[in-house]
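Comments concern the structure below.
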Ligand SMILES: NC(=O)c1ccc[n+]([C@@H]2O[C@H](COP(=O)([O-])OP(=O)(O)OC[C@H]3O[C@@H](n4cnc5c(N)ncnc54)[C@H](O)[C@@H]3O)[C@@H](O)[C@H]2O)c1
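Residue numbers (the working numbering): 610 to 1041.
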């Protein structure tokens, strides 16, 4: 490990969107980090990482395996590959002596997640999970308020995650997370952040989880009459034919163009004709009611905690933004994106004794333009070097932050068993 006056060295397996975001932020924090190596099969992404690093000695590899065959090249390895390829490189990297910045979900299964926690302990390495919401102004303020005792004892929590209908179609119907077998269940892929902050705020172990949910809307029976398999095949509901389908893939060239850059490198350097040709063959050109998706579009999760507290989480494609309600013995707190839309305040705290409500408006995050995840991406990287040097809060390390994952996997197990409760006690014991 480097000394505190030297930059912390980082390398990346997968030079995609997340890894490039973290390394770009790291390099903006002058002198604190050095990016030494990156692996990605796509040359353009390796080159982009090399450019971000501004390091003439940067080492580029085509695969994670090649990077991991070398002697350790950095203090910390970012595992920024897709969900189905976290466990293998993470395991090898721990064996090589790397600390990890591990994208969520830690892995695709409960067993592998527990195994990574065990390996971190065995090799005395730290795994920092990318639960960026913990580092946002909003959730860190809520955590501070809960810990201050102002709400009294937290008795119950209700959280909602409105994925947004277009986002659902882009990511969980047409996109990377549409097939749970190839990626991870929706409640893990999208909501491990939510189960994570619920357990973080409750401050007690979750003992039991039950869940219901299904894919209701994005199925063939809801396709409008005459819809073609692809929006670009003359579908009567697509804009070139005068249609008004909100999921029309032609919107990638218009009001939804910001989503294109996540899947199509440098879209602004391509002509519309090139993008249209790509939509004719790409998964993102398919009719949203005629895909091979199985990710749920709504799910509810009920949780009971060892301290007697309870929580519920609603995930739905059909709202936009997160909402949070915390019911404490002294006061209740309401807040989040959904709340802000109605009230122009970030959160409201109602005191039970006085009946008075205080509105709290947080400053808009101004973090050098890195507003990703409400400033959480910046907050994570800003906190990261202290954490890996042993000086920062260890709250987000896998041994303390695994619970959100376990709750998510348990929720999926329960959902598949028709809502049967899943007890978590034996899982905790298996980690001891
Ligand atoms: N923390 C968060 O809030 C958050 C947000 C979005 C995504 N994620 C997670 O981050 C991860 C990465 O997401 P992304 O959007 O950056 O994905 P991405 O597809 O942009 O990047 C993944 C990269 O891995 C590369 N890759 C594939 N096989 C490889 C191999 N064998 N060796 C090395 N590289 C390989 C791909 O070419 C690609 O560039 C996912 O697991 C995703 O779920 C987390």
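From the three backbone atoms N, C-alpha and C, an ideal C-beta is built for every residue, glycine too.
Coil, strand or helix - residue i by DSSP
i, result
"residue 701", "helix"
"residue 855", "coil"
"residue 733", "coil"
"residue 975", "The pLDDT assigned to residue 975 is 49, lower than 50, so where the model puts this residue is not dependable; a value taken from the coordinates is nonetheless given after this. If DSSP states are grouped into helix, strand and coil, residue 975 belongs with coil."
"residue 743", "helix"
"residue 1025", "helix"
"residue 766", "strand"
"residue 644", "strand"
"residue 818", "strand"
"residue 618", "strand"
"residue 712", "coil"
"residue 861", "helix"
"residue 878", "helix"
"residue 682", "coil"
"residue 1037", "helix"
"residue 829", "helix"
"residue 718", "coil"
"residue 759", "coil"
"residue 692", "helix"
"residue 1031", "strand"
"residue 783", "coil"
"residue 751", "helix"
Segment limits, beta strand (DSSP E) that includes residue i
i, result
"residue 670", "668-670"
"residue 870", "Unbroken run through residue 870: none, as it is neither H nor E."
"residue 653", "Looking at the DSSP string, residue 653 is not in any beta strand (DSSP E); the run it does join, the alpha helix (DSSP H), is 652-662."
"residue 910", "907-914"
"residue 944", "940-945"
"residue 921", "919-925"
"residue 954", "Looking at the DSSP string, residue 954 is not in any beta strand (DSSP E), and its letter there is neither H nor E."
"residue 937", "929-937"
"residue 685", "685-688"
"residue 791", "Element bounds for residue 791: n/a, residue is neither H nor E."
"residue 966", "966-969"
Closer than 7 Å: residue i CB and nearest ligand 1 heavy atom
i, result
"residue 782", "no"
"residue 713", "yes"
"residue 717", "no"
"residue 627", "yes"
"residue 1017", "no"
"residue 650", "yes"
"residue 937", "no"
"residue 654", "yes"
"residue 984", "no"
"residue 835", "no"
"residue 800", "no"
"residue 694", "yes"
"residue 929", "no"
"residue 689", "yes"
"residue 672", "yes"
"residue 623", "yes"
"residue 900", "no"
"residue 741", "yes"
Span of the alpha helix (DSSP H) around residue i
i, result
"residue 990", "985-997"
"residue 885", "881-888"
"residue 803", "801-811"
"residue 1011", "No alpha helix (DSSP H) holds residue 1011; DSSP gives it neither H nor E."
"residue 674", "673-678"
"residue 632", "626-637"
"residue 798", "795-798"
Inset, instruction - Inspect the CB distances between the region 819-827 and the region 933-951 and report whether three or more fall short of 8 Å. - result: no
Legend entry - Inter-stretch contact (C-beta, 8 Å, three-pair minimum) for the region 863-875 and the region 931-939: Contact between the region 863-875 and the region 931-939 is absent: fewer than 3 CB-CB pairs across the two stretches fall below 8 Å.
Legend entry - Cβ contact check for the region 991-1003 and the region 726-734: 3 or more pairs under 8 Å: No, the region 991-1003 does not touch the region 726-734.
Legend entry - the region 831-847 contacting the region 781-794, beta-carbon criterion three pairs below 8 Å: no
Inset, instruction - Report yes or no: do the region 695-708 and the region 765-777 share at least 3 C-beta pairs separated by less than 8 Å? - result: no
Inset, instruction - Assess, as a yes-or-no matter, whether the region 793-813 is touched by the region 1000-1017 under the definition of 3 or more beta carbon pairs within less than 8 Å. - result: yes
Inset, instruction - Please confirm if the region 962-969 is in contact with the region 652-660, defined as three or more CB-CB distances below 8 Å between the two stretches. - result: no
Inset, instruction - Count the C-beta pairs between the region 945-959 and the region 908-926 that are closer than 8 Å, then say yes if the count reaches three, no if not. - result: Output reads no: the region 908-926 does not touch the region 945-959.
Inset, instruction - Tell me, please, whether the region 852-861 touches the region 888-904 by the rule of three or more beta-carbon pairs shorter than 8 Å. - result: yes
Inset, instruction - Give a yes or no on contact between the region 673-690 and the region 752-767, applying the rule of three or more CB pairs nearer than 8 Å. - result: no
Legend entry - the region 902-915 contacting the region 879-892, beta-carbon criterion three pairs below 8 Å: no
Inset, instruction - Pair every Cβ in the region 1023-1041 with every Cβ in the region 809-818, then say whether three or more of these pairs are closer than 8 Å. - result: Yes, the region 1023-1041 touches the region 809-818.
Inset, instruction - Determine, using beta-carbon pairs with one atom in the region 624-636 and one in the region 1001-1010, whether at least three such pairs fall under 8 Å. - result: no
Inset, instruction - Take every Cβ of the region 844-855, pair it with every Cβ of the region 761-768, and state whether three or more of those distances are shorter than 8 Å. - result: Of all C-beta pairs linking the region 844-855 to the region 761-768, fewer than three are shorter than 8 Å, placing the two stretches out of contact.
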